Every structure is written in C-alpha cells, then in structure tokens.
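K.L.:
2 protein chains.
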Amino acid sequence: MSAEIICVGTELLLGDIVNTNVQFLAKELANLGIPHYYQTVVGDNPTRLREVITIASKRASILLFTGGLGPTPDDLTTETLAQCFNSPLIEKAEIIEDIQDKFKARGRQMNENNRKQALIPKGATILPNPTGTAPGIIWEPVPNVTIMTFPGVPSEMKQMWSETAVPHLKSQGWGKEIIFSRMLRFRGIGESSLATKVNRFFDLTNPTVAPYASLGEVRLRISAKTASETEAIKLIEPVAQDIIKIAGEDYFGQDDDTLTKVVGTLLRQKQQTVSVAESCTGGGLGAMFTEIAGSSDYFWGGVIAYDNRVKISLLEVSAEALDHHGAVSDIVAQQMALGIKKRLGTDWGVSITGIAGPGGGTDIKPVGLVYIGIADPEGNVESVECTFGDRSRDIIRYLSSCTALDQLRRKL
Amino acid sequence: MSAEIICVGTELLLGDIVNTNVQFLAKELANLGIPHYYQTVVGDNPTRLREVITIASKRASILLFTGGLGPTPDDLTTETLAQCFNSPLIEKAEIIEDIQDKFKARGRQMNENNRKQALIPKGATILPNPTGTAPGIIWEPVPNVTIMTFPGVPSEMKQMWSETAVPHLKSQGWGKEIIFSRMLRFRGIGESSLATKVNRFFDLTNPTVAPYASLGEVRLRISAKTASETEAIKLIEPVAQDIIKIAGEDYFGQDDDTLTKVVGTLLRQKQQTVSVAESCTGGGLGAMFTEIAGSSDYFWGGVIAYDNRVKISLLEVSAEALDHHGAVSDIVAQQMALGIKKRLGTDWGVSITGIAGPGGGTDIKPVGLVYIGIADPEGNVESVECTFGDRSRDIIRYLSSCTALDQLRRKL
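Just so you know, the sequences run in chain order H and W.
To get my numbering, take the position in the first sequence, counting from 1, and add 465.
To get my numbering, take the position in the second sequence, counting from 1, and add 465.
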C-alpha cells in the first residue's frame, strides 16, 4: 500500500511556479506513515494525464491529484479521471448551490463556466472546499485504488487536506504510527551557535532533534515516532525542557507561537498597550501586530512617518536631531518612540528608522543599518542599533519589524 | 522530440526540500523551445529509478536527471542508468584528478568514496562540474535518446546547465525556436468572467492564450513560439492589445508590473503625493507602498488608526459618525481619507476600515465587509464598499490593501 502524488498544470511544465503543493503533501504523507515513491507532474493534456493515471493506478493504492479543477476549458482532471475508469459525470446540485453562495458572498454572479465544477464521477463523494469554488473528490473507482483531488491553489488544497482528507485516511487505518513533532523557536542566536550549545541532542534517535534556519529565526524540530500523540509528547517534553533551559531568553515559543502572538499575549497579561512609529518599514510592524485577531486589546495604532515632515509634525522629532544626527540615528529612534507613546497615550511606544536600500546607503550609514526605539511605561526610552547587512529591501524591512517585536518581548 | 525531467532523491519524497531544480530546468527548456510533458520525482531506489527510466526513454528523446551523483552509497543515478542500457562503467582518470585538485584546494584529502564519482558509462562524455566534485554525463545510449545528468545542488546544476548542456543542445539544433511569453494582469474581475469576455482567444495556437488565477488577481499568459523574441512580440502584441481593449480598466499591467509599481509610476508622473489612514489593515497598505525603493517621492506616510480614539484624535473622525454609523462605514472611511490628506498635506488620502474577522461580524456588517475611502487633490472624497466574504483574516486584509491601491489607480 503506497500513495502517489500527481500534479496537473502546464504552468508547472513552463516553470511559472514552484511546486510547493507536492512538498506539503509529501510531508503530510510522511507524518501519516503512508509510504510514497513517485511524484509526477503533467500538463493540462487529457491524453498524457490519462497515461499518467494508468501507470500510477498500477503502482499505488492512493492517488493524490492537485490542479485542473478550475472553471476554464483547460481544467481537465475530473473528466479525465472519469474517462479513465469509464464512469459518467453527474452534476451535483449541492455544489452549484455552494458556488452560487460563494459568489453572492463576494458580491458576484456565478458564471456558466463554473457549472463544470459541479460535475463529479458517478460513485465519487465530494471533498468539500470551504473557501474556493473548486471542490475535490474522494473516489474508489476500482478496488484498492482511492483517488483524491485538490485544486492547485495552495491555501485551498491545504485546508481540504487537513479537514477532510486526513480524517478519511485515518478512518482507513493510516496514521496508526504517527510522527509527532514539536518545533522550538529561537531569535537572536545563529543556527551554528545554537547547534553548538545543544549539540548532544542531535544524536538522539527517538525523539530526533534537527535544526532549521529560517529568515531571522532558528528552529529546532523534535520529532517522535509513536502510536499516539500522548506518548510522543512524553518523549519530547523532557528534551524540549532541557533545550529551552540551555537557550534562555533566545527561546521565544514553540510550534505556531509567532513573535507577534507571544508579544500580544505578554501585553494582554500585563494589560498594557502599545503603539508604533515606523519609517523604513512603512507600516509593516503595525501590520504584524494586527495579524492577530483581537489585537485591538493592546495595539492602538501608530504613525507611518516615511517623510521627515511627518516625523516632526506628528511625532515631535526635533528638526535639530534630524539635521545633526540624521533620520537614521539612535536619537531620532528614541524621539519617535517617545513621540508615538505620548501622542497616542499608550504604555509602550516602538519605533523603527533605517536604510532599507537598495539606494541611500553611505560608508558611515550603510544599507541595512536600522535603529529600533522602545519607550516603556515609566517613560524611559532605549534604542538598539541593528546592521542587517547588504540584503534585499524586503528582507531588511522584515527583519527590522521582527527585531522590534523581539526587543519589546525581551523588555516585557 | 521532447524532453523529460527526472529528479532523484528521497529527500524530495519526504518533503524536506522544495524542488526548485525542476522549475529552473522547466523554464530553461521552454526558453530553448524544447517541449517537455512530464516531470518525475523518484527516491534513491535502483528498482524504481530503473522503472522510471524505462518509461521516460519511451516517451522522450532528452532525459534530464538531477540528483544521485554524490559519493555516498545511496547515490545511484549513474550506475542505474548504466544497468538500464547494459553498459559497463569506466573509471575516468581525469575525474579523479579533478576531484583530488578540488580537495587539495579546500585543504582536504580525497575520500575513497569519491572514486565512485569517477565512474561513467562506456561511451558517455563528461559533463564537467566546475565547482563541485560530482560531474555529470552526456550520453546517447540508444539512437534518439540523449541523457544528461546533474547533481542535486542547485548552484552546481545551474552552472553545468548553462556552461555545457545549453551549448550542447544548441549544437543539436535546439534553441532555434524560442517560446516567449507576456503575462497580462487584471484586477476587479473574476477568472471565469474574464474567460467569458476573451473566450475566442483561447483557441489561438500561436500565440496561445491561457488564464491563471491568483489571490485578488487574474492573469492571461500569451505565449508565442518563434525564432526570435522580436518575432514573438510581433505575434503577441496585437492579441495583447485586443485583450487589453476588451478588459478596459480591469487591466492594470503586464509581466512584473505590480499594482504598487503601477500606482507609484502614475503618482510620480503626476508629481502627486499620497498618505494612508488604516484601520483593519494596520499598516499593510503603507507597507505595500513602501515596498518600492524611492517611494518616498510620492508616499509621505500615514496613521494606523486601529483604535477609534486614534481615528478621532489624529484623523478628525467625528465621534458622532462613529456612534451613528460605526467605525466600519462609508462616512468614517471618507472622514479618515480626508483627515489624513489634511493632516499630512498630501494630494491624495487613502483609507481602509473594515472587519477582517474571524470575530466581530454581524448580520448587517459581516466579516469581510470593508470600506475604502479616497480623497482626491480637489478635496473630493469617495468611498467604495467591498465584501470579501468569509475568508481568512490575512486574505481579507491583503485584498483590502490591494483594492485600495486599485481604487487609487483607477482614479489616477
């Protein structure tokens, strides 16, 4: 018993997009303990798709398809599957209704093209798509071959996978031995330095510990292979605690604890409020704070002071400081933080001013130089200088917002 | 005559890495005008790899392999190819020397394991690897089947491809015909509605027209297969112009024209400035404006008015409007837009206020209801109501910022 992933879409053959769907499904199959040995990409061509289906259905018992469920004529996955297994297509009224509702919710009229999305092979069941108009199917056209189809849109595919496909596979007996992982998240320390600190854990076999570096963050994944989540956690917990002790303040959370969440939780616990004054990030830090529903409990808002006139008029930054030290300086970062705290009357004020590049750098103030100011409830203000080096504008802006959050976290 | 890409590596089946190699090769094949219809990923397993090679060598005349050229026992691509076509492996002295030199340059001793990297099938020629220790091969084991192998390391693979593989393919007569594409980008119209409008173009054969939907945007790719870019553009241009005429204002740009870029260019042309007042997007719109280096020419900044107190104190939104109509209303959106325009003294003021969810929705004001206000240089203000439906918070916030940019674009 093994699975096989088949991705349908000429855009993949043209190299227009990276195939992240196949990586997601590959990981998920591994977590469920379902072996899979082949991945195939084929274009929107019925003859070739049929050939791929024929080959795969001989090799594997679970066939996962992504793509080709859209409303346009080149979306052919469902009808080609039906042809392959000589099954007629049936129009499902409930799908039509669902599509109509979604169009209505978006203030649009359903289009005739969408009707074809309501056609599924006789005997197949609907794999519901909560957000998009393209539902998938779960179908066993012949004994020991289960077919599941998903749209190519990653967000829709992932939701359909976790909400419907995974429970179905588990009901079939898969996932008995599960791989359960906990991701520990760190900031302010490099991958190699952390690796050296926790070196000895890398030799463990169950759970295993592996490092992952991502932008502005280092992670350690602790994975255990057991029959149940409870058993896995028993194995993982002591290791996690040891590592967290070793890492100290650089550890900020686990799994889906983002910096934003962690900072939000701390602010809510202390019943304190925060506002932001942003220059080079242009609103990115505020956008991060407000990613969290309910962030209005502690985040009041801020000022995007991209132009120096705004720094002066709304944040009371002194023209003198701007002239003598420049907009990218400790003193201006501090004045911005104090200015927004005072202007909005929040407990904390956080500011960012820097050179995101690619232009605007000098020998003394190179691209990637960023100052972060933090004004605390007592009215004290501190600033830190960050040098993110000669990286891309996006990355420097992103790291600036993350570092501002992390500085606030450490003070909280 | 077509090509096929085969990526070898268990790490791809486990989902440990995204397969960017296949996207690179797919793009390159398209540029050379070499059709390719299948991509296959298989693990480090000789039996399955052999099966894949057998299938592919019947379908395609050029087989490109990535991965499995390393020194470790699980690197099996070369020897499996040799077995498939019953060819002995020959040790190449020049490869041994090359590997020894590279180790010396890194101050290390060549490992015995590396000897296996010097074995290539009889009759194959070396595909040199300038930076790594794993060379590839170019081999025609049977008439009309050319095999090329590359290591999995992207940087090495790319260099070997462009320095040796491309010239070889061109010497075989490929690259005479290229595929050149132009992507037209649209907003404010759904994929199916646009498809209906431009239906007739989908039947064209050269250039071809194909639709792509992505979040908040629809794209049409026009691809021409010709001897030169100039000829391709000759074929593409008239079709593009027809489609642009049909789409009208919903067309906003092509290829890498983002909404942000297009709006920035228009503002710069008119030498006008803009500021933003953001509620539910919390700074996301400002962050979008400032993605562009040099946006300070036209973007001055704004106010993140997440809390109503900020709407009143900094944007002069009337408490009366907030009480009677609520923060999410046409009138408040308009007052915010006028307020920020006046406060910062910019030509345009753009505001966003809405319910990003998941909570906070009511029957009258559901999640996804967003008002966008635009104050123009004459001091007139208008607002539009958007219903983005019951989607995720991130998506609603993202679509809100995009729509605000698009509304400004239409007025510019």
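A virtual CB, placed ideally from N, CA and C, is assigned to each residue, including glycine.
As the structure is a prediction and not an experimental result, all values here were calculated from the model.
What whole-angstrom Cβ distance do residue 598 of chain W and residue 579 of chain W have, given they're in contact under 8 Å?
P.N.:
As a working mapping, residue 598 of chain W is identified with position 133 in the second sequence. As a working mapping, residue 579 of chain W is identified with position 114 in the second sequence. 6 Å between Cβ atoms; contact.
K.L.:
Whose C-alpha, out of W:851, W:803, W:558, is nearest the C-alpha of residue 844 of chain W?
P.N.:
Here the question's residue 844 of chain W lines up with position 379 in the second sequence. Considering only alpha carbons, the answer is W:803.
K.L.:
Looking only at its chain, what residues have a beta carbon closer than 7 Å to the beta carbon of residue 841 of chain W, apart from the 5 residues adjacent to it on each side?
P.N.:
In the second sequence, counting from the first residue as 1, residue 841 of chain W sits at position 376. Around residue 841 of chain W: 813, 876.
K.L.:
With a threshold of 16 other CB atoms inside 10 Å of the CB of residue 651 of chain H, please say whether the residue is buried or exposed.
P.N.:
One-based indexing of the first sequence puts residue 651 of chain H at position 186. By the neighbour-count rule (16 or more Cβ atoms within 10 Å), residue 651 of chain H is buried.
K.L.:
Mind the definition here: the region 612-632 of chain W touches the region 529-543 of chain W only if three or more C-beta pairs lie below 8 Å; say whether that holds.
P.N.:
Contact holds: three or more Cβ-Cβ distances are below 8 Å.
K.L.:
Quick check on residue 508 of chain W - is its C-beta less than 8 Å from some C-beta in chain H?
P.N.:
The residue you call residue 508 of chain W lines up with position 43 of the second sequence. Output row for residue 508 of chain W: interface = yes.
K.L.:
With a threshold of 8 Å between beta-carbons, can residue 505 of chain W be considered close to chain H, or not?
P.N.:
In the second sequence, counting from the first residue as 1, residue 505 of chain W sits at position 40. Answer yes: the Cβ-Cβ gap between residue 505 of chain W and chain H drops below 8 Å somewhere.
K.L.:
Quick check on residue 883 of chain H: buried or exposed, where buried means 16 or more other Cβ atoms within 10 Å of its Cβ?
P.N.:
Given a span of 466 to 877 for chain H in the structure shown, any question on residue 883 of chain H remains unanswerable.
K.L.:
Let's test the definition: count the other Cβ atoms within 10 Å of the Cβ of residue 481 of chain H and tell me whether it reaches 16, buried, or not, exposed.
P.N.:
As a working mapping, residue 481 of chain H is identified with position 16 in the first sequence. It counts as buried.
K.L.:
Please state the DSSP three-state secondary structure of residue 847 of chain W.
P.N.:
Residue numbering aside, residue 847 of chain W sits at position 382 when the second sequence is read from its first letter. Residue state, collapsed to three classes: strand.
K.L.:
Just reading off the alpha helix (DSSP H) that residue 624 of chain W is part of, what are its end residues?
P.N.:
Taking the second sequence and counting its residues from 1, one reaches residue 624 of chain W at position 159. Start and end: 619-625.
K.L.:
Got a sec: which bits of the region 757-785 of chain W sit with their beta carbon under 8 Å from any beta carbon on chain H, in order along the chain?
P.N.:
Answer set for the region 757-785 of chain W: 758, 759, 760, 761, 764, 765, 766, 767, 768, 769, 770, 771, 772, 774, 775, 778, 779.
K.L.:
For residue 850 of chain W, which option in W:549, W:864, W:661 has the closest C-alpha, if you only look at C-alpha atoms?
P.N.:
Taking the first residue of the second sequence as position 1, residue 850 of chain W is located at position 385. Nearest of W:549, W:864, W:661 to residue 850 of chain W, Cα basis: W:864.
K.L.:
When Cβ atoms are compared, which residues of the region 570-591 of chain H fall closer than 9 Å to chain W?
P.N.:
Listed in sequence order: 570, 571, 572, 573, 574, 575, 576, 577, 578, 579.
K.L.:
Between which two residues does the beta strand (DSSP E) carrying residue 804 of chain W extend?
P.N.:
To locate residue 804 of chain W, count along the second sequence from 1; it is residue 339. Where residue 804 of chain W is concerned, there is no enclosing beta strand (DSSP E), although the alpha helix (DSSP H) it sits in stretches over 795-809.
K.L.:
Roughly how far, in whole angstroms, is the beta-carbon of residue 837 of chain H from the beta-carbon of residue 857 of chain H, given that I think they are within contact range, below 8 Å?
P.N.:
Within the first sequence, residue 837 of chain H is the residue found at index 372, counting from 1. Within the first sequence, residue 857 of chain H is the residue found at index 392, counting from 1. Not a contact, Cβ separation roughly 19 Å.
K.L.:
Looking at C-alpha atoms only, which residue of W:832, W:705, W:766, W:522 is the closest neighbour of residue 669 of chain W?
P.N.:
On the second sequence, position 204 is the one that residue 669 of chain W refers to. Answer by Cα proximity: W:705.
K.L.:
At the level of alpha carbons, what is the spacing between residue 774 of chain W and residue 719 of chain H?
P.N.:
Position 309 of the second sequence holds residue 774 of chain W. Position 254 of the first sequence holds residue 719 of chain H. Their Cα atoms are separated by approximately 35 Å.
K.L.:
Using alpha carbons as the reference points, say which of H:519, H:521, H:581, H:646 lies closest to residue 493 of chain H.
P.N.:
As a working note, residue 493 of chain H is residue 28 in the first sequence. Considering only alpha carbons, the answer is H:646.
K.L.:
Would residue 878 of chain W count as contacting chain H if we go by Cβ distances under 8 Å?
P.N.:
The structure shown does not extend to residue 878 of chain W, since chain W is modelled only from 466 to 877, so the question has no answer here.
K.L.:
How far does the beta strand (DSSP E) with residue 764 of chain W in it reach, from first residue to last?
P.N.:
By 1-based counting over the second sequence, the position of residue 764 of chain W is 299. 764-770 is the extent of the beta strand (DSSP E) around residue 764 of chain W.
K.L.:
Run through DSSP, which three-state label would residue 740 of chain H get?
P.N.:
Mapped onto the first sequence, residue 740 of chain H falls at position 275. Reduced to three states, the DSSP call for residue 740 of chain H is strand.
K.L.:
Under DSSP, the alpha helix (DSSP H) around residue 867 of chain W begins and ends at which residues?
P.N.:
As a first step, residue 867 of chain W is located in the second sequence; it is residue number 402 there, counting from the start. Counting along the chain, the alpha helix (DSSP H) containing residue 867 of chain W begins and ends at 858-876.
K.L.:
Regarding residue 466 of chain H and the ligand MG, is the C-beta to nearest heavy atom distance less than 7 Å?
P.N.:
For the ligand MG, the structure offers nothing, since it holds no ligand at all.
K.L.:
At a Cβ threshold of 8 Å, is residue 638 of chain W touching chain H?
P.N.:
For the purposes of this step, residue 638 of chain W is identified with residue 173 of the second sequence, where counting begins at 1. Residue 638 of chain W does not count as touching chain H.
K.L.:
Who are the neighbours of residue 660 of chain H on chain W, taking C-beta pairs under 9 Å?
P.N.:
Mapped onto the first sequence, residue 660 of chain H falls at position 195. Those within 9 Å of residue 660 of chain H in chain W number zero; the least Cβ separation is about 17 Å.
K.L.:
Grouping DSSP H, G and I as helix and E and B as strand, with all else coil, what is residue 613 of chain W?
P.N.:
Working through the second sequence from its first residue, we reach residue 613 of chain W at position 148. Here residue 613 of chain W sits in strand by DSSP.
K.L.:
Could you tell me whether the Cβ of residue 676 of chain W comes closer than 8 Å to any Cβ of chain H?
P.N.:
Position 211 of the second sequence holds residue 676 of chain W. Residue 676 of chain W counts as touching chain H.
K.L.:
If we count Cβ pairs, one from each stretch, closer than 8 Å, do we get three or more for the region 501-513 of chain H versus the region 502-509 of chain W?
P.N.:
Because the criterion of three Cβ pairs below 8 Å is met, the region 501-513 of chain H and the region 502-509 of chain W touch.
K.L.:
For chain H, find out if any of its Cβ atoms is closer than 8 Å to the Cβ of residue 483 of chain W; answer yes or no.
P.N.:
For the purposes of this step, residue 483 of chain W is taken as residue 18 along the second sequence, with counting starting at 1. Yes, residue 483 of chain W lies at the interface with chain H (some Cβ there is under 8 Å from its Cβ).
K.L.:
Take the Cβ of residue 545 of chain H as the centre, count every other Cβ of all protein chains shown within 10 Å, and call the residue buried at 16 or more, exposed below.
P.N.:
One-based indexing of the first sequence puts residue 545 of chain H at position 80. Buried: at least 16 other Cβ atoms inside 10 Å.
K.L.:
Is residue 607 of chain W buried or exposed, if buried means 16 or more other CB atoms sit within 10 Å of its CB?
P.N.:
Your numbering for residue 607 of chain W matches position 142 in the second sequence. The residue in question, residue 607 of chain W, is exposed, as its Cβ has fewer than 16 Cβ neighbours within 10 Å.
K.L.:
List the residues of chain W whose Cβ lies closer than 9 Å to the Cβ of residue 511 of chain H, in chain order.
P.N.:
Here residue 511 of chain H is taken as the residue at index 46 of the first sequence, counted from 1. Going along chain W, no residue has its Cβ under 9 Å from residue 511 of chain H, so there is no contact; the nearest lies around 12 Å.
K.L.:
Could you have a look at residue 549 of chain W and say whether DSSP puts it in helix, strand or coil?
P.N.:
In the second sequence, the residue the question calls residue 549 of chain W occupies position 84. It is helical.
K.L.:
Thinking just about the alpha-carbon of each residue, which of W:658, W:822, W:561, W:593 is nearest to the one in residue 631 of chain W?
P.N.:
As a first step, residue 631 of chain W must be located in the second sequence, where it is residue number 166. It is W:593.
K.L.:
Which residues in the same chain as residue 805 of chain W place their Cβ atom closer than 7 Å to its Cβ, once the five residues preceding and following it in sequence are excluded?
P.N.:
Position 340 of the second sequence, counted from the first residue, corresponds to residue 805 of chain W. These residues qualify, in order along the chain: 740, 741, 742, 767, 768, 780, 814, 816.
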